[in-house]
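J.: Handing you this structure, nothing more for now.
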Amino acid sequence: MDVFTLLVAIVALVVAIMAFQRTGGIYELRRQMEDLSNKSEHAAKGARDMTADALGRLETFIRGQKTPSPGEEEPSTSQPPTSEDKP
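Going by our numbering, the first residue of the sequence shown is number 641, and it counts up by one from there.
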């Protein structure tokens with residue numbers, strides 16, 4: 641009886657392998673995984689961009705004004721101290 645069960649299991653395994661190969665096998669599985677990873681990267685990038693935009697708007701709202709970009713510095717209205725300013 642145990643031998644019969646083993647034979648049925650082996651036949652089932654062979655049938656499953658044949659079905660897997662017929663549906664595309666490992667190559668199709670890898671292609672699907674690559675497609676899914678590309679889609680998830682694209683979705684994550686979009687989510688990061690939206691989060692960055694929302695945080696930028698929140699910062700502007702909290703501060704009440706636009707902050708200068710790193711390349712844009714506000715002109716300094718104060719003059720550097722001179723020797724005449726010292727007591």
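Backbone N, C-alpha and C define an ideal beta-carbon position, used for all residues, glycine too.
Which value, in whole angstroms, describes the spacing of the CA atoms of ALA694 and ALA683?
T.: On the sequence shown, position 54 is the one that residue 694 refers to. On the sequence shown, position 43 is the one that residue 683 refers to. Between ALA694 and ALA683, the C-alpha separation is close to 16 angstroms.
J.: Grouping DSSP H, G and I as helix and E and B as strand, with all else coil, what is THR663?
T.: The residue you call residue 663 lines up with position 23 of the sequence shown. Three-state DSSP puts THR663 in coil, outside helix and strand.
J.: Can you give the Cα-Cα distance for ARG662 and ARG688, rounded to whole angstroms?
T.: Within the sequence shown, numbered from 1, the residue matching residue 662 stands at position 22. Within the sequence shown, numbered from 1, the residue matching residue 688 stands at position 48. Those two C-alpha atoms are separated by around 40 angstroms.
J.: Please state the DSSP three-state secondary structure of MET658.
T.: Locating residue 658 in the sequence shown gives position 18, where the first residue counts as 1. Three-state DSSP puts MET658 in a helix.
J.: Alpha carbon to alpha carbon, how far is THR691 from VAL654? Give it in angstroms, no decimals.
T.: Residue numbering aside, residue 654 sits at position 14 when the sequence shown is read from its first letter. Residue numbering aside, residue 691 sits at position 51 when the sequence shown is read from its first letter. VAL654 and THR691: Cα-Cα distance of roughly 50 angstroms.
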